[in-house]
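So the protein lines, in turn, are chains X and F.
Position in the first sequence (from 1) plus 375 gives the number in this note's numbering.
Position in the second sequence (from 1) plus 428 gives the number in this note's numbering.
Each remark here refers to the structure printed beneath this line.
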Amino acid sequence: MQINWLEFTPDPSLLGGILLGLAAALYVHLHGRILGISGIISGLLHPKVGDVIWRLAMVSGLLSSPFWAAWLFDMHPIQVIDADWMAVIIAGVLVGFGSAYGSGCTSGHGICGLSRLSPRSLVATLSFMLTGFITVFMIRHLIGI
Amino acid sequence: MRKHFNLISQYLIGVLFGFGLLISGMTNPQKILNFLDLAGSWDPSLLFVMGGAVLIGLIGFYLLTQRIQAFFGGALRVPTRRHISKPLVIGSIIFGAGWGIAGFCPGPAIVSVGSGQAKAIVFVIAMLAGMWICEHFFIAYQKTA
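Given below as structure tokens:
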């Protein structure tokens, strides 16, 4: 294993992580819910009275965060998306299906689940990390894209 | 009035979570894939993101034991299931494969839609389709996280 020192960003990543943890902690104290993005979004697919607006408010916050980051802090983070369109579509379906079937994603299981020492979330996090490692190994090193 | 504050809080926590993802670099799929690429030039940044988030999250969820109900009212809806079920593992495995293909998970994908990334928009539509397929063919509506 060789570390990519050029891309490694320990300080901003730690700071960003602290903000993510702060958001998750505030969320459960103020709203009594787990801050799990896949769960908040998937609830919009079967809308119920009184269960829609708060989800939209939360999602609007996520959607508008790049605007506030640019306006307040002049922050324009770089994004490099290597996957082609077909790969993006396949990945989207797998991520959507998997998070719904596995009851959570990197926020609900990864951040919140590990923070509350949930054995289910630990298993989920280890499972998706493992297949993430395997998938990238196959794509980058076996197929060689 | 309280209802309005509730929605404003939902929105602001969404913005804060978005900031966390933007600052930490997690909205850049290439950075996620470089973390998952153990055999290549490895970028450990994601570990720092998780470390920071879980550190604050641990404190937040520990303090939650002092709380009887959510600040904005209502019960604390923290998951109580403990059974390591087959859907939990299979779902997470599928999620990880999708994550490893494009480097997007639900939170960063939504934030990237806000940055106007065309591939993120397609990803989110495919993700919603994946969630819909799961919920309509594999599970009757199930609580998440």
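We put the beta carbon where it would ideally sit given N, CA and C, even for glycine.
On a predicted model such as this, the values are computed, not experimentally measured, just so you know.
Could you tell me whether the Cβ of residue i comes closer than 7 Å to any Cβ of chain X?
i: F/Ile538; result: yes
i: F/Thr572; result: Bear in mind that a pLDDT of 47 at F/Thr572, under 50, signals an unreliable position, so the model cannot answer this.
i: F/Ile549; result: no
i: F/Met429; result: no
i: F/Ala467; result: yes
i: F/Met555; result: yes
i: F/Phe433; result: no
Can a CB atom of chain F be found closer than 7 Å to the CB of residue i?
i: X/Met376; result: yes
i: X/Val427; result: no
i: X/Ile412; result: yes
i: X/Pro387; result: yes
i: X/Gly477; result: yes
i: X/Leu489; result: yes
i: X/Leu517; result: no
i: X/Leu497; result: no
i: X/Val468; result: yes
i: X/Val424; result: no
Quick one: grab the DSSP three-state call for residue i.
i: F/Arg510; result: coil
i: X/Trp429; result: helix
i: F/Ala573; result: Residue confidence is low: F/Ala573 scores 44 on pLDDT, short of 50, so the model does not pin down where it sits. No coordinate-derived value is stated.
i: X/Gly414; result: helix
i: F/Ser469; result: strand
i: F/Arg505; result: strand
i: X/Gln454; result: coil
i: X/Gln377; result: strand
So, for residue i: in the same chain, excluding its five sequence neighbours on each side, which residues have a beta-carbon less than 8 Å away from its beta-carbon?
i: X/His406; result: Trp429
Can you tell which of the options has the C-alpha that lies nearest to the C-alpha of residue i?
i: F/Ile518; options: X/Gly519, X/Leu489, X/Leu505 and X/Ile456; result: X/Leu505
i: F/Phe499; options: X/Ser440, X/Gly477 and X/Ala400; result: X/Ala400
i: F/Arg505; options: X/His516, X/Arg408 and X/Phe512; result: X/Arg408
i: X/Ala444; options: F/Gln438, F/Val539, F/Gly531 and F/Trp470; result: F/Val539
i: X/Ala499; options: X/Ala475, X/Ser435, X/His516 and X/Gly519; result: X/Ala475
i: F/Lys459; options: X/Ile509, X/Asp457 and X/Thr481; result: X/Asp457
i: F/Asp471; options: X/Ile514, X/Gly519, X/Phe508 and X/Leu517; result: X/Phe508
i: F/Leu435; options: X/Val434, X/Leu390, X/Gly488 and X/Phe448; result: X/Val434
i: F/Leu516; options: X/His421, X/Ser496, X/Trp380 and X/Ser413; result: X/Ser496
i: X/Gly436; options: F/Lys547, F/Gly488 and F/Gly448; result: F/Gly448
Skipping 5 residues on each side, what residues in its chain have a beta carbon closer than 7 Å to that of residue i?
i: F/Met559; result: none
i: F/Ser513; result: none
Is any heavy atom of the ligand FAD found at a distance shorter than 6 Å from the C-beta of residue i?
i: F/Gly468; result: The ligand FAD is absent from the structure shown, which contains no ligands of any kind.
Excluding the 5 residues preceding and the 5 following residue i in the sequence, name in chain order all residues of the same chain whose CB lies nearer than 6 Å to its CB.
i: X/Phe422; result: Note on identity: in this sequence residue 422 of chain X is Pro, with Phe being the wrong assignment. Here the set comprises nothing.
i: F/Phe532; result: Pro457 and Phe551
Residues in the region 442-460 of chain X with C-beta within 8 Å of chain F's C-beta atoms, listed in sequence order? Cβ contacts with chain F: Phe442, Trp443, Ala444, Met450, Pro452, Ile453, Gln454, Val455, Ile456, Asp457, Ala458 and Trp460.
Of all the residues that make up the region 507-527 of chain F, which are near chain X by a beta-carbon distance shorter than 9 Å? Of all residues in the region 507-527 of chain F, Pro507, Arg509, Arg510, His511, Ile512, Ser513, Pro515, Leu516, Val517, Ile518, Gly519, Ser520, Ile521, Ile522, Phe523, Gly524, Ala525, Gly526 and Trp527 have a Cβ within less than 9 Å of some Cβ in chain X.
Can you give me, in chain order, the residues of the region 392-403 of chain X that have a beta carbon less than 9 Å from any beta carbon in chain F? Result list: Gly392, Ile393, Leu394, Leu395, Gly396, Leu397, Ala398, Ala399, Ala400, Leu401, Tyr402 and Val403.
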